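In the numbering used here, the protein residues as written are 5 to 73. No residue lacks a Cβ here, since even glycine has one placed at the ideal position from N, Cα and C. Keep in mind the model is a prediction, meaning the values are calculated, not measured. Read through the structure below, which is laid out as C-alpha cells, and then see the notes.
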Amino acid sequence: MQGYEVITLVVAGIAIITGILLIGSPSTLIRAGEFFNRVYNVESVVYTKRVPFGFTYLLAGGILLYILW
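This is the structure in C-alpha cells:
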C-alpha cells in the first residue's frame, strides 16, 4: 500500500502546483506546456476559466492530502 500513498502525494502536489499557476501565473503554465511539447497540455477552456479551475485544483489537492493523513 505504500506505493499508492506516494502516487497520491505526487498527484496532490501536481494538483496544488497547477492550481497556484492557473490562478497566479497562467503564462508560466503555458510556457511549461510548450516546453514539454504537449506532454502536460491544458486546453483553452481551462485558461478561459482559469480561476475556478485553479481553485478546483487547489481543493482537490488539499482533499487528497487530507485523505493521505
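Beta-carbon proximity of residue i to residue j, cut-off 7 angstroms
i   : j   : result
I20 : L63 : no
L68 : T32 : no
For residue i, three-class secondary structure by DSSP
i   : result
S31 : helix
Y44 : In this prediction, Y44 scores a pLDDT of 48, lower than 50, which makes its location untrustworthy; no coordinate-derived value is stated.
Option in the options with minimal Cα separation from residue i
i   : options            : result
F57 : I71, G23, S29, P30 : G23
V1  : G17, L72, L25      : Residue 1 is absent from the model: the chain starts at 5 and stops at 73.
Any non-hydrogen atom of the ligand PLP closer than 6 angstroms to residue i Cβ
i   : result
P56 : No copy of the ligand PLP occurs in the structure displayed, which carries no ligand at all.
Supposed contact pair residue j and residue i - C-beta distance, whole angstroms, cut 8 angstroms
i   : j   : result
V55 : I27 : 6 angstroms
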